[in-house]
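Start counting the sequence shown at 49; every next residue gets the next number (the numbering used here). Just so it is clear, CB atoms sit at the ideal spot from N, CA and C, and this is done for glycine as well.
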Amino acid sequence: MGIFSHSRLSTFEQCPLKYKFRYIDKIPPRIFSIESHLGGSVHSSLEWLYIQVKNGKIPSVEELIEHYSKEWNKKKNPDLAIADNSLTEKDYFNKGVKFLIDYYLKNKPFNDNTIEVEKKVTIALDEEGKYKIQGFIDRLSYNKETDEYEIHDYKTSNSLPYREKIDNDRQLALYAIAVKNLYGRDKNVCLVWHYLAYNRKICSRRTDEQLEQLKKDTIELIKRIKSTTDFPAKKSVLCKWCEYRDICQDFNSDI
Ligand code: SF4
Numbered sequence: 049m050g051i052f053s054h055s056r057l058s059t060f061e062q063c064p065l066k067y068k069f070r071y072i073d074k075i076p077p078r079i080f081s082i083e084s085h086l087g088g089s090v091h092s093s094l095e096w097l098y099i100q101v102k103n104g105k106i107p108s109v110e111e112l113i114e115h116y117s118k119e120w121n122k123k124k125n126p127d128l129a130i131a132d133n134s135l136t137e138k139d140y141f142n143k144g145v146k147f148l149i150d151y152y153l154k155n156k157p158f159n160d161n162t163i164e165v166e167k168k169v170t171i172a173l174d175e176e177g178k179y180k181i182q183g184f185i186d187r188l189s190y191n192k193e194t195d196e197y198e199i200h201d202y203k204t205s206n207s208l209p210y211r212e213k214i215d216n217d218r219q220l221a222l223y224a225i226a227v228k229n230l231y232g233r234d235k236n237v238c239l240v241w242h243y244l245a246y247n248r249k250i251c252s253r254r255t256d257e258q259l260e261q262l263k264k265d266t267i268e269l270i271k272r273i274k275s276t277t278d279f280p281a282k283k284s285v286l287c288k289w290c291e292y293r294d295i296c297q298d299f300n301s302d303i
């Protein structure tokens, strides 16, 4: 059934039918949302920024925006879907410009000791390695003062999560297991989200006991997915951004 990822698990939780379209029927995304395009272009630009910094050069903010502009145009699908029809493509592009300028001014000179960008990690959830998760850490840094690894994740969404959601987030906690496996189980790991629309950094930590529990819960979820034979549609506000909504009968039954 292939290796799992956080996004694969969340797709199943969000809507089993969407999971079936994407991971079982392997239907390529049919609709490309502008929100994903914005997120992808901003992520690529921050990745580029930190690669330059790692190579000893701090690009100017103008160079960062120039890079972003190229990324935006290079990866742009001609049929980008805009769910919020009060906004134009230009508005979304400009949002990214603002996110990056704010982030740049707040974090320059980017000296938090970045050691990896877009780092691929594989997390074995059990001793035998039967259940594994794969993912990419946006950026990993090592804080020499606190002797702590920091897992950074960039968010381009328009809303700030409640503290409870942050403290129960699965994705970065899974990556914390991977970082501990790589750099030492006794190492402390800090989870850091950058909510770019608010220019805010939010941190959270997990105990070893919480990480052990997370492994068990994730194995249970994988087992449940593997044994599922029925994939009902689960409608929610997120349908607005679903890349399969044109072939989803449940979505289309309402319009
Ligand atoms: S449109 Fe909604 S109900 Fe239909 S597949 Fe997508 S997420 Fe599921």
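| message | Considering only the alpha carbon of each residue, which of 212, 180 and 292 lies closest to residue 63? | response | Residue 63 sits at position 15 when you count from the first residue of the sequence shown. Among 212, 180 and 292, the Cα nearest to that of residue 63 belongs to 292.
| said: Contact between the stretch 120 to 136 and the stretch 81 to 97 is defined here as three or more beta-carbon pairs at a separation below 8 Å; is this criterion met? | reply: yes
| said: Can you check which of these residues, 219, 226 and 251, is closest to residue 55 by C-alpha distance? | reply: Translated into the one-based positions of the sequence shown, residue 55 becomes position 7. Nearest C-alpha to residue 55: 219.
| task | Report the residue ranges of all beta strand (DSSP E) runs contained in full by the stretch 241 to 297; include only those spanning at least 3 residues, in chain order. | result | 248 to 252
| request: Look at the alpha carbon of residue 280 and the alpha carbon of residue 70, and state the distance between them as a whole number of angstroms. | output: Counting from 1 along the sequence shown, the entry for residue 280 is found at position 232. Counting from 1 along the sequence shown, the entry for residue 70 is found at position 22. Each residue's Cα considered, the two are about 14 Å apart.
| task | May I have the straight-line CA-CA distance separating residue 159 from residue 90, to the nearest angstrom? | result | On the sequence shown, position 111 is the one that residue 159 refers to. On the sequence shown, position 42 is the one that residue 90 refers to. Rounded to whole angstroms, residue 159 to residue 90 spans 20 Å at the Cα level.
| query | How about residue 183 and residue 165: do their beta carbons lie closer than 8 Å? | reply | The residue you call residue 183 lines up with position 135 of the sequence shown. The residue you call residue 165 lines up with position 117 of the sequence shown. For residue 183 and residue 165, no; Cβs fall outside 8 Å.
| Taking the C-alpha atoms as reference points, what is the distance between residue 303 and residue 288? | Numbered from its first residue, the sequence shown carries residue 303 at position 255. Numbered from its first residue, the sequence shown carries residue 288 at position 240. With a pLDDT of 46 at residue 303, under the threshold of 50, the modelled position of that residue is not reliable, and the figure given next carries that caveat. Each residue's alpha carbon lies about 12 Å from the other.
| said: According to DSSP, simplified to helix, strand and coil, what is residue 188? | reply: Sequence index remark: in the sequence shown, residue 188 carries index 140 (1-based). Secondary structure at residue 188: strand, using DSSP grouped into helix, strand and coil.
| residue 176 - DSSP class collapsed to helix/strand/coil | Start at 1 with the first residue of the sequence shown, and residue 176 comes out as number 128. In this structure, residue 176 counts as coil in the three-state DSSP scheme.
| field | Segment limits, alpha helix (DSSP H) that includes residue 113 | value | In the sequence shown, residue 113 corresponds to position 65, counting from 1. That run of the alpha helix (DSSP H) goes 109 to 122.
| task | Count the other CB atoms, across all protein chains shown, that sit within 10 Å of the CB of residue 253; report buried if there are 16 or more and exposed otherwise. | result | In the sequence shown, the residue the question calls residue 253 occupies position 205. Per the 10 Å Cβ criterion, exposed.
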